[in-house]
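In order, the protein sequence lines correspond to chains A and B.
For what it's worth, full-length UniProt numbering labels the leading residue of the first sequence as 1, then goes sequentially.
For what it's worth, full-length UniProt numbering labels the leading residue of the second sequence as 1, then goes sequentially.
Here a beta-carbon is modelled for each residue, glycine too, at the ideal position from N, C-alpha and C.
Okay, so here's the structure we're looking at.
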Amino acid sequence: MSIPKPGPTPVPMSKPFWSATAQGQLVVQRCQGCGTHQHYPRVVCRHCWLTELDWVTCSGDGRVWTYTVVHRPGHPAWEPEVPYVLALVELDEGPRLMTNIVNIAPAEMRVGLAVRAVFDDTADTSLVHFAPVDRPLPTP
Amino acid sequence: MTLRNSAAVVGAAEVPPSRTTTGMTTLDMIATVAAAAAADAGVAKDEIDGLLVGPQVGETPQHVPATVAEYLGLRPRYADLVDLGGATGAGMVWRAAAAIQAGMCETALCVLGNIREGDPPRSPNRNPIREFDVPYGGSGANQAYAMVATRHMAEFGTTAEQLAQVPVFERANARFNPDAVFHDKPITVDDVLASPMVMEPLRLLEVVMPCGGATAVLVTGRGSARRFRRRPVWLRGAGEKVTHRALSQAPELTTSPLAAAIADAYRMAGVGPSDLDLLTPYDCYSIMLAVTFEDAGLCAKGSAGPWMAEQDFSHTGNLPCNPHGGQLACGQADLAGGMAHLVEAVRQLRGTAEGRQVADPALALVTGNGATMSEEVALVMEADS
Ligand SMILES: [Zn+2]
Numbered sequence: 001m002s003i004p005k006p007g008p009t010p011v012p013m014s015k016p017f018w019s020a021t022a023q024g025q026l027v028v029q030r031c032q033g034c035g036t037h038q039h040y041p042r043v044v045c046r047h048c049w050l051t052e053l054d055w056v057t058c059s060g061d062g063r064v065w066t067y068t069v070v071h072r073p074g075h076p077a078w079e080p081e082v083p084y085v086l087a088l089v090e091l092d093e094g095p096r097l098m099t100n101i102v103n104i105a106p107a108e109m110r111v112g113l114a115v116r117a118v119f120d121d122t123a124d125t126s127l128v129h130f131a132p133v134d135r136p137l138p139t140p
Numbered sequence: 001m002t003l004r005n006s007a008a009v010v011g012a013a014e015v016p017p018s019r020t021t022t023g024m025t026t027l028d029m030i031a032t033v034a035a036a037a038a039a040d041a042g043v044a045k046d047e048i049d050g051l052l053v054g055p056q057v058g059e060t061p062q063h064v065p066a067t068v069a070e071y072l073g074l075r076p077r078y079a080d081l082v083d084l085g086g087a088t089g090a091g092m093v094w095r096a097a098a099a100i101q102a103g104m105c106e107t108a109l110c111v112l113g114n115i116r117e118g119d120p121p122r123s124p125n126r127n128p129i130r131e132f133d134v135p136y137g138g139s140g141a142n143q144a145y146a147m148v149a150t151r152h153m154a155e156f157g158t159t160a161e162q163l164a165q166v167p168v169f170e171r172a173n174a175r176f177n178p179d180a181v182f183h184d185k186p187i188t189v190d191d192v193l194a195s196p197m198v199m200e201p202l203r204l205l206e207v208v209m210p211c212g213g214a215t216a217v218l219v220t221g222r223g224s225a226r227r228f229r230r231r232p233v234w235l236r237g238a239g240e241k242v243t244h245r246a247l248s249q250a251p252e253l254t255t256s257p258l259a260a261a262i263a264d265a266y267r268m269a270g271v272g273p274s275d276l277d278l279l280t281p282y283d284c285y286s287i288m289l290a291v292t293f294e295d296a297g298l299c300a301k302g303s304a305g306p307w308m309a310e311q312d313f314s315h316t317g318n319l320p321c322n323p324h325g326g327q328l329a330c331g332q333a334d335l336a337g338g339m340a341h342l343v344e345a346v347r348q349l350r351g352t353a354e355g356r357q358v359a360d361p362a363l364a365l366v367t368g369n370g371a372t373m374s375e376e377v378a379l380v381m382e383a384d385s
């Protein structure tokens with residue numbers, strides 16, 4: 001019996017984010033006062049504490065800020081997946097997020113690699129993954 | 001008003017880390033090490049009127065100070081919980097000194113302990129890390145430090161061979177520490193590079209081993225520090241900085257908030273990196289020591305790899321560093337592991353380090369690091385003159 005992967009745990013504040021990913025869109029908050037984009041969603045702008053925040057749709061483009069190739073996962077549910085690429089992607093809009101890079105061999109991974117958001121609509125999940133910009137579709 | 005030389009560590013004790021513990025609760029472990037620290041100092045139990053403890057995940061989720069005080073028969077005038085991960089022990093020391101200076105207590109027990117009977121249960125977190133990191137297979141600390149190492153390599157050309165020097169020198173130091181889990185088990189750079197990959201680029205021998213154990217120190221004010229049986233070890237400077245919890249929210253990857261904490265500690269102490277006789281920096285992974293050397297101003301940012309190769313970190317070397325072997329050689333007794341660096345600095349600065357004694361050290365830099373390079377404390381400790 002396989003161990004189930006713990007999925008996202010939305011809270012009221014973050015529901016718009018997860019609703020958008022389920023539709024194949026990546027959204028983040030933008031502060032009406034200082035213009036800073038932020039992720040994850042919060043009730044205040046983490047830069048200036050203004051509470052007036054808009055949801056904006058991102059381009060989906062970003063670069064790998066850093067990454068690791070996981071051989072011994074921190075959670076047993078991922079043991080069948082190894083080796084897999086875990087990365088922090090810096091979106092063109094500024095925020096950084098944890099994700100997996102797909103459609104790439106681990107040996108091809110580089111800091112600074114240009115990547116684009118991809119959405120896996122075959123699975124019952126709203127996770128957002130990233131793939132190299134020249135290979136936008138995940139391997140089925 | 002400064003904490004500089006306002007208080008001193010007058011007693012220290014350790015239940016050395018072990019891979020597993022049996023037959024003890026965390027409270028039993030804490031009491032064992034607390035009594036040992038009091039005996040080391042020659043402090044009578046009833047002289048202790050301050051108590052600082054850490055979180056006890058899975059055992060006592062709330063009311064930890066009262067639970068520990070009751071077990072030990074203490075009735076502290078100041079009771080606190082410090083929750084800074086691996087920086088908890090160092091964070092306790094300046095808090096104890098501040099409470100003493102404010103007149104809230106005279107002698108404080110800072111104590112951390114944990115048991116380890118098999119793998120601990122997963123914490124039922126409900127926070128941003130659980131929501132946004134865990135669903136991608138990003139659980140635990142290994143992935144975060146691996147990503148710091150990846151970035152350091154990409155920015156500065158640091159190599160796996162250079163980082164492998166860290167566990168090699170700490171294991172070499174542990175030849176002089178019979179209490180180390182890896183006592184008398186020296187390794188080479190090739191051994192490190194041949195050990196199993198955990199999360200690229202970090203391999204098994206660059207990752208700390210979780211253990212059970214305990215540590216305690218007694219802190220007292222300037223007026224009474226010399227009336228106990230040990231040479232006091234003075235708190236000369238302290239600094240603290242907390243910036244994030246999840247690595248995605250870190251302001252930078254290759255400079256730790258420790259840089260700011262260390263700068264504050266140097267400023268309070270009125271010293272700089274060239275004044276240090278001893279380093280006992282927090283070491284959970286090879287990359288953490290490399291970043292700490294840079295953030296302490298011992299070498300330029302990005303140059304730790306080649307710089308480390310030129311140092312002799314043994315107790316007789318040009319720059320003694322973790323003469324006990326650090327956590328990579330001693331094992332990491334959870335939060336107590338972070339206080340072990342302070343305990344070693346205390347032993348060294350009062351001249352009780354026996355077979356690994358550094359020759360007459362006057363000043364030591366002690367660091368603590370919690371979570372994913374998130375919560376950081378630096379102390380400059382000074383020998384009594
Ligand atoms: Zn703002």
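query: Consult DSSP for H341 of chain B and reduce its assignment to one of helix, strand or coil.; result: helix
query: Anyone know if the C-beta pair for H315 of chain B and R347 of chain B falls short of 7 Å?; result: no
query: Tell me which same chain residues have a C-beta within less than 7 Å of the C-beta of R116 of chain A, skipping the five on either side of it?; result: G60, D61, F130, A131, V133 and P136
query: Since V89 of chain A and V64 of chain A should fall inside the 8 Å C-beta cutoff, what is the C-beta to C-beta distance between them, to a whole number of angstroms?; result: 6 Å
query: Does the beta carbon of P128 of chain B sit closer than 7 Å to a beta carbon anywhere in chain A?; result: yes
query: Touch check for the stretch 294-310 of chain B and the stretch 27-34 of chain B: three-plus C-beta pairs under 8 Å?; result: no
query: Is the beta carbon of P106 of chain A closer than 7 Å to that of P73 of chain A?; result: no
query: What is the chain-ordered set of residues for which the beta carbon lies under 6 Å from any non-hydrogen atom of ligand 1?; result: A:C31, A:G33, A:C34, A:T36, A:C45, A:H47, A:C48 and A:L50
query: DSSP three-state call for T36 of chain A: helix, strand or coil?; result: coil
query: Can you find a CB in chain B that lies within less than 7 Å of the CB of W55 of chain A?; result: no
query: Taking 8 Å as the cut-off, does the stretch 213-229 of chain B touch the stretch 4-13 of chain B (at least 3 CB pairs, one atom from each stretch)?; result: yes
query: In chain order, what residues of the same chain lie with their CB nearer than 8 Å to the CB of S6 of chain B, ignoring the 5 residues before and after it?; result: A97, I100, Q101, G221, R222 and L235
query: Listing by chain order, which chain A residues have their CB less than 9 Å from the CB of M147 of chain B?; result: W65, T66, Y67, T68, L86, A87 and L88
query: If you reduce the DSSP assignment to three classes, tell me which class I115 of chain B lands in.; result: coil
query: On the three-state DSSP scale, how would you describe N142 of chain B?; result: helix
query: On a CA-only basis, which of B:S248, B:D334, B:H244 and B:V233 is nearest L365 of chain B? Give me that one, please.; result: B:V233
query: Can you pull the chain B neighbours of V111 of chain A, defined as C-beta to C-beta under 9 Å?; result: T150, R151, M153, A154 and E155
query: In chain order, what residues of the same chain have a beta carbon less than 6 Å from the beta carbon of L84 of chain B, not counting five sequence neighbours either side?; result: G91, G370 and E375
query: Using the beta-carbon count (16 or more within 10 Å), is H152 of chain B buried or exposed?; result: buried
query: So is N125 of chain B buried or exposed if we call it buried at 16+ other beta carbons inside 10 Å?; result: exposed
query: What residue range is occupied by the uninterrupted beta strand (DSSP E) comprising P128 of chain B?; result: First-last for P128 of chain B: P128 to F132, but that is the alpha helix (DSSP H), not the beta strand (DSSP E).
query: Going by C-alpha distance, which of A:F119, A:P76, A:Q29 and A:T9 is nearest R46 of chain A?; result: A:Q29
query: Of all the beta strand (DSSP E) runs that stay within the bounds of the UniProt domain "ChsH2 C-terminal OB-fold" (55-120) of chain A, which reach a length of 3 or more residues?; result: 61-70, 84-91, 96-100 and 114-119
query: Beta-carbon separation of M109 of chain A and Y67 of chain A under 7 Å?; result: yes
query: What span of residues does the alpha helix (DSSP H) with W94 of chain B cover, start to end?; result: T88 to Q101
query: Going by alpha carbons, who is nearest to W49 of chain A out of A:P4, A:A87 and A:Q32?; result: A:Q32
query: Does the Cβ of D334 of chain B have 16 or more other Cβ atoms within 10 Å, making it buried, or fewer, making it exposed?; result: buried
query: Taking the Cβ atom as the reference point for each residue, do L86 of chain A and C58 of chain A lie within a distance shorter than 7 Å?; result: no
query: Report yes or no: do three or more beta-carbon pairs, one from the stretch 206-222 of chain B and one from the stretch 102-121 of chain B, lie closer than 8 Å?; result: yes
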